[in-house]
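Numbering (the numbering used here), first residue to last: 865 to 1181.
For every residue, glycine included, the Cβ atom is placed at its ideal position computed from N, Cα and C.
One structure is given here, and the rest of the page talks about it.
Here it is as C-alpha coordinates:
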(Lines of atoms letter the chains of each structure in order from A and count residues from 1; the text may use other names and numbers.)
(Lines give C-alpha, C1' and ligand atoms only; values in the text may rest on other atoms or scores of the structure.)
Protein backbone atom coordinates (compact mmCIF):
# COMPACT_ATOMS: atom_id res chain seq x y z
CA UNK A 1 0.00 0.00 0.00
CA UNK A 2 2.88 2.33 0.83
CA UNK A 3 4.51 1.84 -2.56
CA UNK A 4 1.26 2.28 -4.41
CA UNK A 5 0.95 5.67 -2.73
CA UNK A 6 4.41 6.68 -3.99
CA UNK A 7 4.45 5.43 -7.56
CA UNK A 8 6.39 8.45 -8.84
CA UNK A 9 9.26 7.71 -6.44
CA UNK A 10 9.25 4.01 -7.32
CA UNK A 11 9.22 4.79 -11.05
CA UNK A 12 12.16 7.14 -10.60
CA UNK A 13 14.03 4.48 -8.62
CA UNK A 14 13.44 1.82 -11.27
CA UNK A 15 14.53 4.19 -14.04
CA UNK A 16 17.76 5.05 -12.24
CA UNK A 17 18.49 1.37 -11.55
CA UNK A 18 17.97 0.41 -15.21
CA UNK A 19 19.65 3.40 -16.87
CA UNK A 20 23.30 4.15 -17.60
CA UNK A 21 23.12 7.54 -15.94
CA UNK A 22 20.85 9.93 -14.09
CA UNK A 23 20.36 11.95 -17.25
CA UNK A 24 19.27 8.80 -19.13
CA UNK A 25 16.82 8.00 -16.35
CA UNK A 26 15.41 11.53 -16.53
CA UNK A 27 14.95 11.26 -20.32
CA UNK A 28 13.25 7.89 -19.92
CA UNK A 29 10.77 9.40 -17.48
CA UNK A 30 10.35 12.69 -19.30
CA UNK A 31 11.44 14.57 -16.17
CA UNK A 32 14.35 16.79 -15.21
CA UNK A 33 17.43 15.44 -13.43
CA UNK A 34 16.76 17.51 -10.28
CA UNK A 35 13.21 16.12 -10.16
CA UNK A 36 14.49 12.54 -10.41
CA UNK A 37 17.15 13.19 -7.75
CA UNK A 38 14.51 14.70 -5.48
CA UNK A 39 12.24 11.68 -5.96
CA UNK A 40 15.06 9.28 -5.03
CA UNK A 41 15.95 11.34 -1.97
CA UNK A 42 12.30 11.42 -0.85
CA UNK A 43 12.03 7.64 -1.28
CA UNK A 44 15.19 7.09 0.77
CA UNK A 45 13.89 9.38 3.52
CA UNK A 46 10.56 7.56 3.62
CA UNK A 47 12.26 4.16 3.74
CA UNK A 48 14.88 5.28 6.23
CA UNK A 49 17.47 3.62 3.99
CA UNK A 50 20.16 4.97 1.68
CA UNK A 51 19.72 3.29 -1.68
CA UNK A 52 22.66 4.84 -3.55
CA UNK A 53 26.19 5.93 -2.80
CA UNK A 54 26.79 9.37 -4.33
CA UNK A 55 30.06 9.30 -6.22
CA UNK A 56 30.26 12.66 -7.91
CA UNK A 57 27.34 12.79 -10.31
CA UNK A 58 26.94 9.03 -10.27
CA UNK A 59 24.49 7.09 -8.15
CA UNK A 60 25.90 3.67 -7.24
CA UNK A 61 23.22 1.27 -5.86
CA UNK A 62 23.82 -0.41 -2.53
CA UNK A 63 23.00 -4.16 -2.20
CA UNK A 64 19.60 -3.44 -0.67
CA UNK A 65 18.67 -1.45 -3.79
CA UNK A 66 18.85 -4.61 -5.91
CA UNK A 67 16.34 -6.33 -3.64
CA UNK A 68 14.05 -3.31 -3.84
CA UNK A 69 14.34 -3.34 -7.64
CA UNK A 70 12.87 -6.86 -7.75
CA UNK A 71 9.95 -5.72 -5.62
CA UNK A 72 9.34 -2.54 -7.57
CA UNK A 73 9.45 -4.42 -10.89
CA UNK A 74 6.66 -6.64 -9.60
CA UNK A 75 4.65 -3.67 -8.32
CA UNK A 76 4.95 -1.69 -11.55
CA UNK A 77 4.19 -4.75 -13.69
CA UNK A 78 1.04 -5.39 -11.69
CA UNK A 79 0.07 -1.74 -11.96
CA UNK A 80 0.56 -1.91 -15.72
CA UNK A 81 -1.72 -4.96 -15.95
CA UNK A 82 -4.36 -3.20 -13.87
CA UNK A 83 -4.19 -0.15 -16.13
CA UNK A 84 -4.55 -2.33 -19.24
CA UNK A 85 -7.50 -4.19 -17.74
CA UNK A 86 -9.25 -0.97 -16.75
CA UNK A 87 -8.59 0.51 -20.18
CA UNK A 88 -10.14 -2.59 -21.78
CA UNK A 89 -13.16 -2.31 -19.48
CA UNK A 90 -13.58 1.35 -20.38
CA UNK A 91 -13.29 0.50 -24.08
CA UNK A 92 -15.72 -2.41 -23.74
CA UNK A 93 -13.04 -4.87 -24.84
CA UNK A 94 -13.22 -7.15 -21.81
CA UNK A 95 -15.75 -8.30 -19.25
CA UNK A 96 -18.71 -10.66 -18.88
CA UNK A 97 -21.88 -10.33 -20.95
CA UNK A 98 -25.14 -12.09 -20.12
CA UNK A 99 -27.85 -11.68 -22.74
CA UNK A 100 -31.05 -13.39 -23.85
CA UNK A 101 -33.11 -13.48 -27.03
CA UNK A 102 -36.34 -15.09 -28.16
CA UNK A 103 -36.12 -18.31 -30.20
CA UNK A 104 -36.25 -16.76 -33.70
CA UNK A 105 -33.38 -14.25 -33.51
CA UNK A 106 -31.34 -16.40 -31.10
CA UNK A 107 -31.01 -19.14 -33.74
CA UNK A 108 -28.90 -17.06 -36.18
CA UNK A 109 -29.16 -13.28 -36.17
CA UNK A 110 -28.41 -12.52 -32.51
CA UNK A 111 -25.42 -14.86 -31.98
CA UNK A 112 -24.00 -13.85 -35.36
CA UNK A 113 -24.15 -10.22 -34.23
CA UNK A 114 -22.48 -10.97 -30.86
CA UNK A 115 -19.73 -13.01 -32.53
CA UNK A 116 -19.03 -10.19 -34.98
CA UNK A 117 -18.90 -7.59 -32.23
CA UNK A 118 -16.45 -9.39 -29.94
CA UNK A 119 -14.28 -10.56 -32.86
CA UNK A 120 -12.89 -13.46 -30.87
CA UNK A 121 -11.62 -11.19 -28.09
CA UNK A 122 -10.27 -13.50 -25.37
CA UNK A 123 -11.10 -10.86 -22.77
CA UNK A 124 -14.88 -11.21 -23.20
CA UNK A 125 -17.01 -14.03 -21.81
CA UNK A 126 -20.54 -14.35 -23.22
CA UNK A 127 -23.61 -16.17 -21.95
CA UNK A 128 -26.46 -16.30 -24.50
CA UNK A 129 -29.82 -17.59 -23.29
CA UNK A 130 -32.63 -18.73 -25.57
CA UNK A 131 -35.88 -17.89 -23.82
CA UNK A 132 -39.47 -16.96 -24.61
CA UNK A 133 -40.34 -13.29 -24.55
CA UNK A 134 -42.13 -13.68 -21.22
CA UNK A 135 -39.11 -15.46 -19.73
CA UNK A 136 -36.81 -12.69 -20.94
CA UNK A 137 -38.99 -10.13 -19.22
CA UNK A 138 -38.80 -12.23 -16.04
CA UNK A 139 -35.00 -12.38 -16.26
CA UNK A 140 -34.89 -8.60 -16.63
CA UNK A 141 -37.26 -8.14 -13.69
CA UNK A 142 -34.97 -10.34 -11.59
CA UNK A 143 -31.96 -8.25 -12.73
CA UNK A 144 -30.31 -11.46 -14.02
CA UNK A 145 -29.23 -10.37 -17.53
CA UNK A 146 -27.50 -7.37 -19.05
CA UNK A 147 -30.20 -7.07 -21.70
CA UNK A 148 -32.60 -9.15 -23.72
CA UNK A 149 -34.38 -9.03 -27.07
CA UNK A 150 -38.02 -10.05 -27.17
CA UNK A 151 -41.47 -9.31 -28.47
CA UNK A 152 -42.88 -6.17 -26.91
CA UNK A 153 -44.27 -7.08 -23.46
CA UNK A 154 -48.04 -7.07 -23.15
CA UNK A 155 -47.99 -6.70 -19.36
CA UNK A 156 -46.91 -3.15 -18.57
CA UNK A 157 -47.53 -3.38 -14.82
CA UNK A 158 -44.18 -5.08 -14.11
CA UNK A 159 -42.09 -2.65 -16.15
CA UNK A 160 -41.07 -0.71 -13.04
CA UNK A 161 -38.21 -3.22 -12.69
CA UNK A 162 -36.84 -2.94 -16.22
CA UNK A 163 -36.53 -0.47 -19.08
CA UNK A 164 -37.72 -1.31 -22.58
CA UNK A 165 -36.97 0.26 -25.94
CA UNK A 166 -39.55 -0.56 -28.61
CA UNK A 167 -38.91 -1.06 -32.31
CA UNK A 168 -41.83 -1.38 -34.74
CA UNK A 169 -41.70 -2.48 -38.37
CA UNK A 170 -43.97 -3.74 -41.16
CA UNK A 171 -44.89 -7.40 -41.51
CA UNK A 172 -44.76 -9.40 -44.75
CA UNK A 173 -46.59 -12.34 -46.28
CA UNK A 174 -44.75 -15.60 -46.89
CA UNK A 175 -46.25 -17.90 -49.52
CA UNK A 176 -45.16 -21.17 -51.12
CA UNK A 177 -43.11 -20.40 -54.22
CA UNK A 178 -45.77 -21.88 -56.55
CA UNK A 179 -48.74 -20.23 -54.82
CA UNK A 180 -50.85 -17.86 -57.04
CA UNK A 181 -50.24 -14.99 -54.56
CA UNK A 182 -46.49 -15.37 -55.05
CA UNK A 183 -46.87 -13.64 -58.42
CA UNK A 184 -48.47 -10.54 -56.86
CA UNK A 185 -46.40 -7.42 -56.20
CA UNK A 186 -48.55 -6.60 -53.17
CA UNK A 187 -51.03 -8.82 -51.33
CA UNK A 188 -54.15 -7.59 -49.51
CA UNK A 189 -55.77 -9.23 -46.51
CA UNK A 190 -58.85 -9.86 -48.67
CA UNK A 191 -56.67 -12.16 -50.79
CA UNK A 192 -56.14 -14.29 -47.68
CA UNK A 193 -59.83 -14.80 -46.89
CA UNK A 194 -60.24 -18.45 -45.79
CA UNK A 195 -56.70 -19.20 -46.95
CA UNK A 196 -54.83 -21.85 -44.85
CA UNK A 197 -52.54 -19.87 -42.58
CA UNK A 198 -49.62 -20.55 -40.28
CA UNK A 199 -49.65 -18.27 -37.26
CA UNK A 200 -48.43 -17.64 -33.75
CA UNK A 201 -50.42 -18.91 -30.79
CA UNK A 202 -53.79 -17.33 -30.12
CA UNK A 203 -52.65 -15.40 -27.03
CA UNK A 204 -49.83 -13.63 -28.89
CA UNK A 205 -50.40 -9.90 -29.50
CA UNK A 206 -49.53 -10.24 -33.20
CA UNK A 207 -52.08 -12.99 -33.70
CA UNK A 208 -54.75 -11.08 -31.79
CA UNK A 209 -54.11 -8.03 -33.99
CA UNK A 210 -54.51 -10.16 -37.13
CA UNK A 211 -57.74 -11.69 -35.89
CA UNK A 212 -59.12 -8.21 -35.19
CA UNK A 213 -58.13 -6.95 -38.64
CA UNK A 214 -59.72 -9.95 -40.39
CA UNK A 215 -62.95 -9.60 -38.37
CA UNK A 216 -63.13 -5.86 -39.10
CA UNK A 217 -63.07 -6.69 -42.82
CA UNK A 218 -65.53 -9.58 -42.43
CA UNK A 219 -62.80 -12.02 -43.52
CA UNK A 220 -62.11 -15.55 -42.28
CA UNK A 221 -58.72 -16.26 -40.76
CA UNK A 222 -58.29 -20.02 -41.17
CA UNK A 223 -55.55 -21.45 -38.96
CA UNK A 224 -53.79 -24.45 -40.45
CA UNK A 225 -50.85 -24.56 -38.02
CA UNK A 226 -49.84 -22.46 -35.03
CA UNK A 227 -46.53 -22.28 -33.20
CA UNK A 228 -44.69 -20.31 -30.53
CA UNK A 229 -42.39 -18.88 -33.24
CA UNK A 230 -42.47 -18.48 -36.99
CA UNK A 231 -39.46 -20.69 -37.79
CA UNK A 232 -41.37 -24.00 -37.53
CA UNK A 233 -44.20 -22.49 -39.57
CA UNK A 234 -41.78 -21.80 -42.41
CA UNK A 235 -41.44 -25.54 -42.92
CA UNK A 236 -45.18 -25.75 -43.67
CA UNK A 237 -44.98 -22.74 -45.99
CA UNK A 238 -42.02 -24.31 -47.77
CA UNK A 239 -44.00 -27.54 -48.17
CA UNK A 240 -46.82 -25.63 -49.88
CA UNK A 241 -49.37 -26.17 -47.10
CA UNK A 242 -50.09 -22.60 -45.95
CA UNK A 243 -49.19 -18.92 -46.05
CA UNK A 244 -48.07 -16.86 -43.08
CA UNK A 245 -47.90 -13.18 -42.10
CA UNK A 246 -44.36 -12.92 -40.76
CA UNK A 247 -42.57 -10.48 -38.55
CA UNK A 248 -39.79 -8.72 -40.51
CA UNK A 249 -36.84 -10.30 -38.65
CA UNK A 250 -38.14 -13.71 -39.66
CA UNK A 251 -38.08 -12.38 -43.22
CA UNK A 252 -34.41 -11.51 -42.69
CA UNK A 253 -33.90 -15.08 -41.51
CA UNK A 254 -35.66 -16.46 -44.61
CA UNK A 255 -33.41 -14.40 -46.86
CA UNK A 256 -30.30 -15.78 -45.13
CA UNK A 257 -31.54 -19.38 -44.87
CA UNK A 258 -30.23 -20.56 -48.21
CA UNK A 259 -32.14 -23.43 -49.81
CA UNK A 260 -35.41 -22.64 -48.01
CA UNK A 261 -35.82 -19.44 -50.03
CA UNK A 262 -36.19 -21.55 -53.19
CA UNK A 263 -39.55 -22.73 -51.87
CA UNK A 264 -40.79 -19.53 -50.21
CA UNK A 265 -41.73 -16.15 -51.63
CA UNK A 266 -42.07 -13.04 -49.48
CA UNK A 267 -44.43 -10.28 -50.51
CA UNK A 268 -45.39 -6.89 -48.95
CA UNK A 269 -48.91 -6.40 -47.63
CA UNK A 270 -51.27 -3.67 -48.78
CA UNK A 271 -52.36 -3.09 -45.18
CA UNK A 272 -49.77 -1.83 -42.70
CA UNK A 273 -49.39 -4.48 -40.01
CA UNK A 274 -46.73 -3.46 -37.50
CA UNK A 275 -44.74 -5.92 -35.41
CA UNK A 276 -43.25 -4.65 -32.14
CA UNK A 277 -39.96 -5.79 -30.64
CA UNK A 278 -38.37 -4.76 -27.36
CA UNK A 279 -34.81 -4.43 -26.09
CA UNK A 280 -35.19 -5.01 -22.37
CA UNK A 281 -32.63 -4.04 -19.72
CA UNK A 282 -32.90 -4.43 -15.93
CA UNK A 283 -33.38 -1.10 -14.21
CA UNK A 284 -31.35 -1.81 -11.07
CA UNK A 285 -28.47 -3.91 -12.42
CA UNK A 286 -25.47 -1.62 -13.03
CA UNK A 287 -24.68 -1.77 -16.74
CA UNK A 288 -21.06 -2.27 -17.72
CA UNK A 289 -19.46 -0.36 -20.59
CA UNK A 290 -19.47 -3.64 -22.51
CA UNK A 291 -23.20 -4.19 -21.93
CA UNK A 292 -24.08 -0.63 -22.96
CA UNK A 293 -21.89 -0.91 -26.04
CA UNK A 294 -23.48 -4.20 -27.09
CA UNK A 295 -27.04 -3.00 -26.44
CA UNK A 296 -26.49 0.16 -28.49
CA UNK A 297 -24.88 -1.82 -31.31
CA UNK A 298 -27.71 -4.39 -31.33
CA UNK A 299 -30.31 -1.62 -31.55
CA UNK A 300 -28.51 -0.23 -34.60
CA UNK A 301 -28.15 -3.74 -36.06
CA UNK A 302 -31.87 -4.41 -35.75
CA UNK A 303 -32.72 -1.09 -37.36
CA UNK A 304 -30.32 -1.83 -40.22
CA UNK A 305 -31.65 -5.36 -40.78
CA UNK A 306 -35.22 -4.12 -40.83
CA UNK A 307 -34.39 -1.26 -43.18
CA UNK A 308 -32.61 -3.65 -45.55
CA UNK A 309 -35.80 -5.68 -46.04
CA UNK A 310 -37.89 -2.52 -46.51
CA UNK A 311 -40.02 -2.86 -43.39
CA UNK A 312 -39.94 0.86 -42.46
CA UNK A 313 -38.63 0.47 -38.87
CA UNK A 314 -38.94 3.12 -36.20
CA UNK A 315 -38.27 3.52 -32.50
CA UNK A 316 -41.39 3.87 -30.37
CA UNK A 317 -41.70 5.56 -27.00
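Let me check understanding here. Comparing Cα to Cα, which of the options lies closest to residue i?
i            : options                : result
residue 1112 : 1073, 888, 968         : 968
residue 973  : 925, 1120, 1105        : 1120
residue 922  : 1097, 884, 930, 905    : 884
residue 902  : 870, 926, 1167, 1075   : 870
residue 911  : 1167, 1073, 873, 988   : 873
residue 896  : 1052, 908, 909, 880    : 880
residue 900  : 890, 1070, 1041, 966   : 890
residue 1039 : 994, 1126, 1023, 927   : 1126
residue 1187 : 1056, 906, 877         : Residue 1187 is absent from the model: the chain starts at 865 and stops at 1181.
residue 987  : 1173, 971, 1154        : 1154
residue 976  : 1178, 1170, 1179, 1165 : 1165
residue 990  : 961, 1077, 905, 1013   : 961
Is residue i helix, strand or coil when you go by DSSP?
i            : result
residue 1135 : coil
residue 1060 : strand
residue 1031 : strand
residue 956  : With a pLDDT of only 47 at residue 956, under 50, the local geometry of the prediction cannot be trusted, and the value read off the model is given with reservation. Reduced to three states, the DSSP call for residue 956 is coil.
residue 1105 : coil
residue 1179 : strand
residue 968  : helix
residue 914  : coil
residue 886  : helix
residue 871  : helix
residue 893  : helix
residue 1152 : coil
residue 899  : helix
residue 1049 : coil
residue 919  : strand
residue 1006 : coil
residue 825  : Past the edges of the chain, shown from 865 to 1181, lies residue 825, and the structure says nothing about it.
residue 1099 : helix
residue 1129 : strand
residue 1066 : coil
Any beta-carbon of chain D closer than 8 Å to the one on residue i?
i           : result
residue 898 : In summary, chain D is missing from the structure at hand, where a single protein chain is found.
To the nearest whole angstrom, what separates the beta carbons of residue i and residue j, a pair I think is in contact under 8 Å?
i            : j            : result
residue 1141 : residue 992  : About 17 Å separates the two Cβ atoms, so there is no contact after all.
residue 1029 : residue 1163 : 7 Å
residue 1128 : residue 1118 : 6 Å
residue 1004 : residue 1161 : The Cβ separation is near 19 Å, so there is no contact.
residue 1159 : residue 1143 : 6 Å
residue 1034 : residue 1176 : 5 Å
residue 1050 : residue 947  : About 59 Å separates the two Cβ atoms, so there is no contact after all.
residue 1055 : residue 1086 : Contact doesn't hold; Cβ gap of about 13 Å is too wide.
Output the boundary residues of the beta strand (DSSP E) element that contains residue i.
i            : result
residue 988  : 988-994
residue 1115 : No beta strand (DSSP E) holds residue 1115; the alpha helix (DSSP H) holding it covers 1112-1119.
residue 922  : 922-925
residue 1090 : 1086-1091
residue 1014 : 1011-1015
In terms of residues, what are the limits of the alpha helix (DSSP H) holding residue i?
i            : result
residue 976  : 973-982
residue 1079 : 1069-1080
residue 839  : For the chain, the structure presents residues 865 to 1181; residue 839 sits outside this window and is missing.
query: Three or more C-beta pairs closer than 8 Å, one from the segment 1056-1069 and one from the segment 1086-1098: is that the case here?
result: yes
task: Taking 8 Å as the threshold, find out whether the segment 875-892 comes into contact with the segment 914-931 through three or more Cβ pairs.
output: yes
query: Does the pairing of the segment 1070-1090 with the segment 924-934 give three or more beta-carbon distances under 8 Å?
result: no
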